[in-house]
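Please read the structure below before turning to the comments.
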Amino acid sequence: MNNATLSDDNWNRILAFLREEETIYIGTVQSCRQFAEAVLWMLRSGAQ
Numbered sequence: 467m468n469n470a471t472l473s474d475d476n477w478n479r480i481l482a483f484l485r486e487e488e489t490i491y492i493g494t495v496q497s498c499r500q501f502a503e504a505v506l507w508m509l510r511s512g513a514q
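With the sequence shown counted from 1, adding 466 to any position gets you the working numbering.
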């Protein structure tokens with residue numbers, strides 16, 4: 467695993483949390499994971 471992606475274990479924990487929330491729309495699992503990784507990349511890199 468590198469610093470640019472979530473590990474499968476971490477992603478499964480995040481996905482389980484998101485699925486518990488009724489007000490959160492997940493869409494497809496793949497697109498949701500890509501979005502989460504993009505947000506984390508923005509936080510790490512300082513992108514605006």
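Quick reminder that beta carbons are idealized off the backbone N, C-alpha and C, glycines included.
- Distances from the alpha-carbon of Leu472 to those of Arg510, Ser511, Glu503 put Glu503 closest.
- Inclusion of Ile490 and Leu481 in the CB contact set at 8 Å is not warranted, their separation being larger than that value.
- DSSP places Ser511 inside the alpha helix (DSSP H), whose first and last residues are 495 to 511.
- When the alpha-carbon of Asn476 is set against those of Gly493, Trp507, Ile492, Arg499, the nearest one is in Arg499.
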